[in-house]
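Residues in the sequence shown are numbered from 1185 upward in steps of one, following this note's numbering. A virtual CB, placed ideally from N, CA and C, is assigned to each residue, including glycine. These notes are about the structure you will find just below.
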Amino acid sequence: MSEQPRRPRKPGKPYRRPQKDPVRILAFEALRAVDERDAYANLVLPPLLRKAREKDGFDARDAALATELVYGTLRRQGTYDAIIAACVDRPLREVDPPVLDVLSLGAHQLLGTRIPTHAAVSASVELARVVLGDGRAKFVNAVLRKIAQDDLDGWLERVAPPYDEDPEDHLAVVHSHPRWVVSALWDSLGGGRAGIEGLLAADNERPEVTLVARPGRATTGELLEEEAAVPGRWSPYAVRLSEGGEPGAVEAVRENRAGVQDEGSQLVALALAGAPLDGPDRRWLDGCAGPGGKAALLGALAAERGAFLLASEKQPHRAGLVAKALDGNPGPYQVIAADGTRPPWRPGSFDRVLVDVPCTGLGALRRRPEARWRRRPEDLDGFAPLQRGLLDSALRAVRIGGVVGYATCSPHLAETRAVVADVLKQHPDTELIDARPLLPGVPDLGEGPDIQLWPHLHGTDAMYLALIRRTA
């Protein structure tokens, strides 16, 4: 066969291979895992970063940029969706999810970081060429060039409805929360624009890493010797790591004598441990112990008094995490896998009981920003029977004169006061204890007797706690 003549190249730029950027490719992979597998970024990102350190030689700056790209994009997803929607000629639901992820990453670099405009656009287009192909990269380029024509404030003026016309929708777009979440949080706060704006803004800030020095095993003084460490705000056992601090580099954390635990979670355990009792103080129960942070602190506090802690968790793999957290506890304890609504223990067996019940997690949106987009109002109906069942079981587990702590990492009234009020109607032999004096020095705890912590007021997750004494 004779050789076919080659077609002449069309005039224009020669083909250039796309430049692979390991940092942005990693960020894209993390976002795809969050979207496709309903994964959580705080679980997906660490193994990706470890692999990148080994394979691509990631340094601290690379890891910091990848982390900012992932979390910043997830936190601002609602805002960026509104802006992208104004720059495309089709509904967002018709844009392929991988393309939308690249656009969101690009929007965050343009509107939420100090990366220069040209670099943000070109890096995003190169990422699109690598992961999407040249054809869709042209679409990405066109959209990002439109976004680059204004800054974030300018875009918000264009895409967010005026506050006076629709305050909830305005706040939802400006602060990147679903409208129903804005409404629920506003109800929990009790009204006022300054409070809700402060809370929503705090949800979009990167939370500090907080350590707990487990009593009898580590001290805050030891933890404060770390280069990036500063004292906690409220808990006597808390130490905060400033930006760049790595918990895994702390010897006490590696040895399980200290752990990573939000200060709000610490305060819940401290309030229960400090509640006044009538009678003995020998047997404590953590009825929803996974993954083990509160159980480890309660176990250490119980050990100081010679008390025994039973840590119960329904899911066996989470019970394993509890056992790991409690390993080395100086006092007596036991970890079991059991359903708290159908418990193996006898009624009236315990002096103190904590139930930190499963919930929507709306109080931890700083740490799990993707949760705000996954939750739906109907999820509340799914959690309600379990929350009431666990509190009812806890009140049966405590002896007369003992104390139960009902806690959630959600400030939603349907998961907090509504649950407590409903269950206490079935238990006339109980009374609420004013929990506020048990957290001395902590301001803005509300009217009581229960406690609601807030990210914008306390720098903690939005933990709720009601303390209940069984009287007869």
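query: Other residues of its chain near E1352: CB distance less than 6 angstroms, five sequence neighbours each side excluded; result: R1363, V1366 and S1367
query: Distance CB(V1283)-CB(R1320) smaller than 7 angstroms; result: yes
query: Continuous beta strand (DSSP E) stretch holding R1536: start and end; result: F1534 to D1540
query: Inter-stretch contact (C-beta, 8 angstroms, three-pair minimum) for the stretch 1530-1544 and the stretch 1452-1463; result: yes
query: Bounding residues of the alpha helix (DSSP H) (the contiguous stretch that carries I1268); result: Q1261 to A1269
query: Nearest-angstrom beta carbon gap, L1294 and R1208 [assumed within contact, 8 angstroms]; result: The pair is not a contact, with the Cβ atoms about 14 angstroms apart (cut-off 8 angstroms).
query: Those residues which DSSP pairs with W1468 across a bridge; result: L1493 and R1536
query: Status (buried if at least 16 other CB within 10 Å, exposed otherwise) for L1276; result: exposed
query: Residues near D1273 by beta carbon distance below 7 angstroms, same chain, minus five either side; result: none
query: Contacts around G1262, its chain only, beta-carbon distance under 6 angstroms, and the 5 residues preceding and following it disregarded; result: S1360
query: Cβ neighbour criterion (16 or more within 10 Å) applied to Q1203; result: exposed
query: Closest by C-alpha distance to A1548, when choosing among W1529, L1608, N1388 and D1240; result: N1388
query: Minimum length 3: unbroken beta strand (DSSP E) runs contained in the stretch 1329-1385; result: none
query: Where R1191 sits in the DSSP three-state scheme; result: Caution applies to R1191, whose pLDDT of 44 falls short of 50 and renders its modelled position unreliable; the model cannot decide the point.
query: Delimiting residues of the alpha helix (DSSP H) encompassing P1230; result: A1225 to K1239
query: Under the three-state DSSP convention, the category Q1450 falls into; result: helix
query: Buried or exposed (CB count within 10 angstroms, at least 16 for buried), N1226; result: exposed
query: For I1659, the first and last residue of its enclosing alpha helix (DSSP H); result: The chain is shown only over 1185 to 1656; residue 1659 falls outside these bounds and no answer can be derived.
query: Nearest-angstrom Cα separation, counted from H1611 out to E1435; result: 47 angstroms
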